[in-house]
Each structure stands twice: as C-alpha cells, then as structure tokens.
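Residue numbers (the working numbering): 384 to 489.
All residues carry an ideal CB built from backbone N, CA and C; glycine is no exception.
Worksheet for the structure shown next.
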C-alpha cells in the first residue's frame with residue numbers, strides 16, 4: 384500500500400475508491416472526497432509519525448515478552464518492575480529506533 388493510499392484510508396475509512404496511476408477515482412457519493420491538500424498533509428503526518436510507531440511497536444513487543452512476569456500467581460522483582468516501567472517510559476526520551484537506549488532486561 385502506498386503512502387497516498389494509507390492517507391486516504393485514514394481520512395475516509397469507510398469510503399469506496401480506487402487509485403490508478405496516482406489518480407483517485409472516488410466512488411462514495413455519501414462521503415466527501417478529501418482534497419489533494421488534505422491527502423498530502425495526511426501523508427506528511429503519517430510519514431512524520433512512522434519513527435515513533437516503529438519505536439512503540441518494538442517497545443510493545445519487548446513488554447509482551449515479559450507479560451508473564453505480571454501474572455497474578457507471581458511477584459515481580461524490583462528489577463523486573465523497573466525494567467517494564469523503563470520500557471513504558473521509553474517514548475518520553477526517544478524519538479525513533481535510531482536514538483533509543485533500551486533498558487537491560489534483568
């Protein structure tokens with residue numbers, strides 16, 4: 384899917400349309416077609432947000448690996464609690480996968 388297609392889906396998720404050779408054919412009479420300016424602005428917004436989306440995806444994956452630590456029949460160690468909190472807080476200091484310093488897993 385192209386950036387333009389992703390932007391159109393974000394702007395009008397229920398709309399019916401086709402993108403052929405970068406030309407938009409709008410088929411939803413009850414949904415207003417977004418302007419080229421709105422589509423381009425959404426593309427720019429999505430491209431700018433991509434580094435943080437990737438960072439959050441990696442962070443969420445690392446948290447998921449340790450979810451079992453928080454089971455009701457277990458007690459997390461201080462180090463485990465600190466690690467999981469550091470993962471949750473990672474987006475306060477990092478802006479992409481390129482500038483992140485991951486905490487060390489206990």
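Residue 407 has 402 as its beta-bridge partners, per DSSP. Scanning its chain for C-beta atoms nearer than 8 Å, with the 5 sequence neighbours on each side dropped, one finds around residue 467 the residues 446, 449, 452, 453 and 459, in chain order. Shown here for residue 430: same chain residues with a beta carbon closer than 8 Å to its own, the five before and five after excluded, namely 386 in chain order. In this structure, the CA atom of residue 462 is about 52 Å from the CA atom of residue 405. Distance from residue 425 to residue 394 at the Cβ level is roughly 6 Å; contact confirmed, criterion being Cβ atoms closer than 8 Å. Using a 10 angstroms sphere on the CB of residue 417, the tally of other CB atoms reaches 16 or more, which defines it as buried.
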